[in-house]
Amino acid sequence: MKRVLIIQNDPPETLGQYEKYLRKKTDLTLIHAYKMRSEDKFPPVEQFTHFIIGPTPISANDALKHDFLIKEWSYLQEIIKSGKPCLGICCGGQM
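Per the working numbering, the sequence shown runs over residues 3 to 97.
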């Protein structure tokens, strides 16, 4: 079964019906990145087959002003190096 990680970057900015569909069809994990504390870590990239990076009203140009997005940027580098499919939506796509 496909293991999908969704990184939600803003409370109201969900994936709506897509998330509901993915919950039925995949083993889905949802992380609320905006709630992450400095000691929190993202799960190992190896645990997932696909990644979705959700939207936020924060501009990607301002990502370095937000601790959780700095941490997420580093994690995205790991995902890219892995070669696994990754979909970014809005700011998630710009990062």
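The beta-carbon is built from N, C-alpha and C at its ideal position, and this holds for glycine as well.
- Note that the C-beta distance between D42 and K4 is not below 8 Å.
- Distances from the CA of S40 to each of D12, D69, H34 and Q19 were compared; the closest alpha carbon is that of D69.
- When beta bridges are read from the DSSP output, L30 appears opposite V6.
- Rounded to whole angstroms, the gap between the alpha carbons of A35 and K22 is 19 Å.
- Spatial neighbours of S84 in its own chain (CB-CB distance under 6 Å, excluding positions within 5 residues in sequence) are listed in chain order as V47.
- When the beta-carbon positions are compared, C93 and T58 come within less than 8 Å of each other.
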